[in-house]
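Trainee:
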Amino acid sequence: MNRYRRPKGWLSALSITNDSGEVVGGIVDHRLSRRALINEYRRGRLRRDQVCDAHPELLRAARNFGDATSVQCPICQVSNVVLVTYVFGPRLPKHGRCITRPDELDQYRRPQHTAYVVEACHQCGWHHLLRSLPMTDTAPAQATGTSNEGSL
Ligand SMILES: [Zn+2]
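Using numbering that gives the first Met the number 0, count along the sequence shown one by one with no gaps and you end on 151.
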């Protein structure tokens with residue numbers, strides 16, 4: 000039997016070392032579990048308050064730093080969801096470091112870091128982890144400090 004319950008404080012539960020069998024070090028796509036959760040809700044097996052239980056901190060981040068999308072919230076169908084990215088890694092807060100500006104993505108780009116991209120709806124509190132990915136090879140080969148690399 001599949002269970003789709005998410006405990007409170009799920010953000011702090013996320014970590015790169017305790018990822019329950021998911022691939023660590025590669026991009027992990029969570030859209031299947033997202034779809035399953037939405038289906039459970041639409042079939043009436045989950046109540047709205049069971050799927051719209053975003054942590055207040057996540058909703059605050061979604062309001063202030065959320066990356067707007069054109070994807071309508073699958074639950075309330077009123078607002079579009081926004082994307083919030085958290086970076087986890089050594090010396091970062093246990094609950095992750097919320098990315099508030101695009102340049103912070105470069106700032107935290109280290110092999111030890113993993114980014115978790117979460118979608119959230121500040122209208123109803125729906126939230127789901129979309130994907131997690133290592134903060135490494137997504138960048139062009141722009142090594143430390145060498146800013147003017149234009150010429151061969
Ligand atoms: Zn919503």
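Backbone N, C-alpha and C define an ideal beta-carbon position, used for all residues, glycine too.
(1) Ends of the alpha helix (DSSP H) at Gln71?
(2) Name the residue from Arg41, Ala60, Asp105, Leu58 whose alpha carbon lies nearest to the alpha carbon of Pro133.
(3) Just to confirm, does Cys97 get its C-beta within under 6 angstroms of one of the non-hydrogen atoms of ligand 1?
(4) Since I believe Trp125 is in contact with Pro73 (beta carbons under 8 angstroms), could you give me their beta-carbon distance rounded to a whole number of angstroms?
(5) So what's Val77 in DSSP terms, helix, strand or just coil?
(6) Using the rule of at least 16 other Cβ atoms within 10 Å of the residue's Cβ for burial, across every protein chain shown, is Thr143 buried or exposed?
(7) Should the region 50-66 be regarded as contacting the region 77-89, the criterion being three or more beta carbon pairs within less than 8 angstroms?
(8) Do Gln49 and ligand 1 come close, with the Cβ less than 6 angstroms from some heavy atom?
(9) Within the same chain, show all residues whose beta-carbon is closer than 8 angstroms to that of Ile26, passing over the 5 residues directly before and after it, in chain order.
(10) Apart from the five residues just before and just after Ile37, which ones in its own chain have a Cβ nearer than 7 angstroms to its Cβ?
(11) DSSP on Ala119, reduced to helix/strand/coil?
(12) When you measure from the CB of Ile74 to every non-hydrogen atom of ligand 1, does any distance come out below 6 angstroms?
(13) Could you give the first and the last residue of the continuous beta strand (DSSP E) run that contains Leu132?
Mentor: According to the data block:
(1) As a first step, residue 71 must be located in the sequence shown, where it is residue number 72. Where Gln71 is concerned, there is no enclosing alpha helix (DSSP H), although the beta strand (DSSP E) it sits in stretches over 66-71.
(2) Numbered from its first residue, the sequence shown carries residue 133 at position 134. The shortest Cα separation from Pro133 among Arg41, Ala60, Asp105, Leu58 belongs to Asp105.
(3) Position 98 of the sequence shown holds residue 97. Incorrect: Cys97 has no Cβ contact closer than 6 angstroms to ligand 1.
(4) Taking the sequence shown and counting its residues from 1, one reaches residue 73 at position 74. Taking the sequence shown and counting its residues from 1, one reaches residue 125 at position 126. Yes, Pro73 and Trp125 are in contact; Cβ-Cβ is about 7 angstroms, under 8 angstroms.
(5) Along the sequence shown, one-based indexing puts residue 77 at 78. Val77: coil per DSSP, three-state reduction.
(6) Translated into positions along the sequence shown, residue 143 becomes position 144. Bear in mind that the predicted position of Thr143 carries a pLDDT of just 43, short of 50, making it unreliable; the figure below should be weighed with that in mind. With fewer than 16 other Cβ atoms within 10 Å, it is exposed.
(7) yes
(8) Reading the sequence shown from its first residue, position 50 is the one you call residue 49. Outside the cutoff, so no.
(9) As a working mapping, residue 26 is identified with position 27 in the sequence shown. Only Arg130, Ser131, Leu132, Pro133 meet the Cβ criterion.
(10) The sequence position of residue 37 within the sequence shown is 38, counting from 1. Pro73, listed in sequence order.
(11) Sequence index remark: in the sequence shown, residue 119 carries index 120 (1-based). Looking at Ala119 - three-state DSSP - the assignment turns out to be strand.
(12) As a first step, residue 74 is located in the sequence shown; it is residue number 75 there, counting from the start. Yes, the Cβ of Ile74 comes within 6 angstroms of a heavy atom of ligand 1.
(13) Stepping through the sequence shown from its first residue, residue 132 is reached at position 133. Here the beta strand (DSSP E) through Leu132 covers 126-133.
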